[in-house]
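Worksheet for the structure shown next.
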Amino acid sequence: MITGFITAWKNTLYIISASFFFACNNTSQTISVPQWTSHEISIQSEKEYANPYTDIDVWASFVNDKGDSLVRPAFWDGGNTWKIRFAPPDTGQKWKWNIYSSVDDKDLQKAGELFSVPYTGNNKLVKHGLLRMSAGKRNIEYADGTSMLLVGDTPWSLPYRATTEQATIYAEDRQKKGFNTALLIAVQPDKKAEGPNARNTVEGFARGFDDIPEGHLNKLNPSYFQTLDSLIAILHDHEILPVFAPLAHGYGWKGKNSFGPTAPGDEYARFVKYLLARYGSRTVCWLLSLDGHGDAPGVVPAGETLEKWDAYKQPTGLHYNPCDDFLATWAVNDSSHCFHYNRKHQDAAWLDFQWAQTGHDGKHLYHKVERMYDNKPTKAAMNGEPTYEKMSEGKHGLGWWQGEDAWNELMHGGTMGVVYGAACLWQWKITPDEPGWEEWTNAPYSWKDALNFEGAQYVGAISRAFDGFDCKDMERRWDLTENNLPLLAKEGVFYASYLNNGGAITIKTIPDNMPCYWFDPVKGNVVSENNTGTNKSFTAPDNLQPWVFMAGNKRK
Numbered sequence: 293m294i295t296g297f298i299t300a301w302k303n304t305l306y307i308i309s310a311s312f313f314f315a316c317n318n319t320s321q322t323i324s325v326p327q328w329t330s331h332e333i334s335i336q337s338e339k340e341y342a343n344p345y346t347d348i349d350v351w352a353s354f355v356n357d358k359g360d361s362l363v364r365p366a367f368w369d370g371g372n373t374w375k376i377r378f379a380p381p382d383t384g385q386k387w388k389w390n391i392y393s394s395v396d397d398k399d400l401q402k403a404g405e406l407f408s409v410p411y412t413g414n415n416k417l418v419k420h421g422l423l424r425m426s427a428g429k430r431n432i433e434y435a436d437g438t439s440m441l442l443v444g445d446t447p448w449s450l451p452y453r454a455t456t457e458q459a460t461i462y463a464e465d466r467q468k469k470g471f472n473t474a475l476l477i478a479v480q481p482d483k484k485a486e487g488p489n490a491r492n493t494v495e496g497f498a499r500g501f502d503d504i505p506e507g508h509l510n511k512l513n514p515s516y517f518q519t520l521d522s523l524i525a526i527l528h529d530h531e532i533l534p535v536f537a538p539l540a541h542g543y544g545w546k547g548k549n550s551f552g553p554t555a556p557g558d559e560y561a562r563f564v565k566y567l568l569a570r571y572g573s574r575t576v577c578w579l580l581s582l583d584g585h586g587d588a589p590g591v592v593p594a595g596e597t598l599e600k601w602d603a604y605k606q607p608t609g610l611h612y613n614p615c616d617d618f619l620a621t622w623a624v625n626d627s628s629h630c631f632h633y634n635r636k637h638q639d640a641a642w643l644d645f646q647w648a649q650t651g652h653d654g655k656h657l658y659h660k661v662e663r664m665y666d667n668k669p670t671k672a673a674m675n676g677e678p679t680y681e682k683m684s685e686g687k688h689g690l691g692w693w694q695g696e697d698a699w700n701e702l703m704h705g706g707t708m709g710v711v712y713g714a715a716c717l718w719q720w721k722i723t724p725d726e727p728g729w730e731e732w733t734n735a736p737y738s739w740k741d742a743l744n745f746e747g748a749q750y751v752g753a754i755s756r757a758f759d760g761f762d763c764k765d766m767e768r769r770w771d772l773t774e775n776n777l778p779l780l781a782k783e784g785v786f787y788a789s790y791l792n793n794g795g796a797i798t799i800k801t802i803p804d805n806m807p808c809y810w811f812d813p814v815k816g817n818v819v820s821e822n823n824t825g826t827n828k829s830f831t832a833p834d835n836l837q838p839w840v841f842m843a844g845n846k847r848k
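Throughout the sequence shown, residue numbering follows this note's numbering, covering 293 to 848 in sequence.
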């Protein structure tokens, strides 16, 4: 029996003592698996179990020739089938694996081996490795140290409404615009939502669990997650990182009693472990509270589950509702939803990032990320939910409002990245007139119409501005400028400044002979390139629009 884990910092893997291994039902074939690709091992039992999802635990240990080792949980995939997914973090190593189970079942106790080889493709989400936090904890980075600034979109309802054909249309559009991240709710989160059990159907949605209306997460539908596998693969193929929220903790999908706040802690943690088993060998991030106060019963158990079982240590965080420092009108009878200050569990070992929400009233609010940036211990921070474009029947967050907000959120301390949202896309409306949403969160468009909202191009272009720079752990350093102008800096390595009305900026300590650029955030392209010199002042091409000054050596 496995009695404990030791964290191996060098490889961020779990080490398990070799004395606990046993060999049974060995397989003789050794296959080659490219580094950081997800390899699947499938096993079947001849026994019947009343509820394989809740009653059986299966996991596998992997050890290479150097003694590095990790443990991956298995997931039930319907019938009597369990699967383990594993991504080798190295090359040129033989990995021996053993499968264990919590029951006496010889079919669930297998052994075998594989050989890790170099990945020869070009997908960013594979060739750079899985994700981890940067050394300074302000950003995520790939396993090889490459920076990743999140540029996120919010197709929250794609997992339970979209078809594979629709997901492909979505992913092609968002990749072209520059988005590298998609925020997703893993299953339809409202207890009282009703409609056909079907995708691409007015008022319909696919069911991940049959018992959410009863207040439980015990009756899992494997076929739902098999379809979700295909949707996630499409996102990955288009270099779009999925950020999984297991449930919603605020409004939900239609505001019909979202289940997150009351989901039993053990059931929520088990579901998180299932998602980890199924998707955790690909690049992914985890969002354990969505639109809540961070203290729902399942949050800590889920965080501790990831801390124990995620051998790759991919980033985990929380996303808050807007009432961080005030009493919302809807919370007058229960103030516990408010005054969370976007910093719950700030010192927890399992927590890597905190995301604020500024609400959907069309207001530019930057004080939240300013405060979060200063919180200790340091956790990566950003605004995870600005006003979505065309909220409130097409009135709010229109066009350039989105670009201005995103750049300023970055400059004020939301250095982990930026997020964009569109009314009708977030809930994946099938037709412009599909009923079911309140006026404040609705507009007369379909999800496909919403792909073409103007503001998306401005936010997506931010990824192009940062592409190739070593920006991880950049800091808010307005103090390095004359006149306290907006500046992000990794001093001596990278600098970025957003100037809302153009003009000039003086950066007192910028090195000589550093490549520098003026980036047009409206058109989304570089318009001039030069090198810094003894003059530390830089003037935008004109004063008629916003400009971004960037300096640093780009990755070749």
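Beta carbons: idealized from backbone N, C-alpha and C, even for Gly.
All values derive from a computational prediction rather than experimental measurement.
- Between the segment 719–733 and the segment 805–819, the count of C-beta pairs closer than 8 Å stays below three; the two stretches do not touch.
- Taken through DSSP and simplified to helix, strand or coil, R377 comes out as strand.
- Beyond the five residues adjoining it in sequence on each side, Y633 comes within less than 8 Å, by CB distance, of D616, D617 and R663 in the same chain, given in chain order.
- Here T798 carries a strand assignment [DSSP, helix/strand/coil].
- Listed in chain order, the beta strand (DSSP E) runs fully inside the segment 666–720 are 672–677 and 709–711, counting runs of at least 3 residues.
- By the CB criterion at 7 Å, Y712 and A672 fall outside the cutoff.
- Your pair V355 and W328 does not check out as a contact, with CB atoms roughly 18 Å apart and the cut at 8 Å.
- Taking all protein chains in view, the Cβ of A490 is surrounded by fewer than 16 other Cβ atoms within 10 Å, so the residue is classified as exposed.
- In the DSSP assignment, A352 falls within the unbroken beta strand (DSSP E) covering V350 to N356.
- Residue pairing by DSSP puts G404 in a beta bridge opposite W389.
- Within a 10 Å sphere around the beta-carbon of T621 sit fewer than 16 other beta-carbons, which makes this residue exposed.
- Counting only the Cα atoms, S337 lies some 41 Å from D445.
- If you ignore the 5 residues before and after A537, its C-beta comes within less than 6 Å of the C-beta of I477, L579 and L582, all in its own chain and listed in chain order.
- In the three-state scheme derived from DSSP, where H, G and I count as helix and E and B as strand, V418 is classed as helix.
- Cβ contact annotation for Y566 (same chain, cutoff 6 Å, sequence separation greater than five): F367, in chain order.
- Each of L610, E457 and G421 was checked against the Cα of L527, and the nearest Cα belongs to E457.
- Between L417 and the set T473, V592 and H629, the nearest pair of CA atoms involves T473.
- Shown here, Q336 sits in a strand according to DSSP, grouped into three states.
- Here E340 is exposed: its Cβ has fewer than 16 other Cβ atoms, across all protein chains shown, within 10 Å.
- Scanning its chain for C-beta atoms nearer than 8 Å, with the 5 sequence neighbours on each side dropped, one finds around N492 the residues R453, A454, T455, Q458 and I722, in chain order.
- Distance from the CA of D360 to the CA of D762, rounded to the nearest whole angstrom, comes to 29 Å.
- Checking the DSSP bridge columns, you'll see F761 partnered with K846.
- Looking at N793, A715, L442 and Y411, the one whose alpha-carbon comes closest to that of G470 is L442.
- Per the C-alpha coordinates, the member of L450, R466 and T824 positioned closest to M806 is T824.
- Under the DSSP definition of a beta bridge, M440 partners with I432.
- The DSSP-derived three-state label of A594 is helix.
- Using a Cβ-Cβ distance cut-off of 8 Å, the segment 636–645 and the segment 664–683 are in contact, since at least three pairs of beta carbons, one from each stretch, lie closer than that value.
- The three-state secondary structure of D653, taken from DSSP, is coil.
- Collapsing the DSSP output to three states places P614 in coil.
- Judged by their CB atoms, P778 and M703 are nearer to each other than the 7 Å cut-off.
- About 7 Å separates the Cβ atoms of N734 and A715, confirming a contact at the 8 Å cut-off.
- From the listed residues K358, F407 and K398, the smallest Cα separation to H331 is found for F407.
- Annotation for P813: no beta strand (DSSP E) segment contains it, and DSSP assigns it neither H nor E.
- Within the same chain, Cβ atoms closer than 6 Å to the Cβ of T346 are found at N510, the five residues on either side in sequence being excluded.
- The segment 498–508 makes no contact with the segment 392–399: fewer than 3 CB pairs, one atom from each, lie closer than 8 Å.
- Taking C-beta atoms as the reference points, P589 and L539 fail to come closer than 7 Å.
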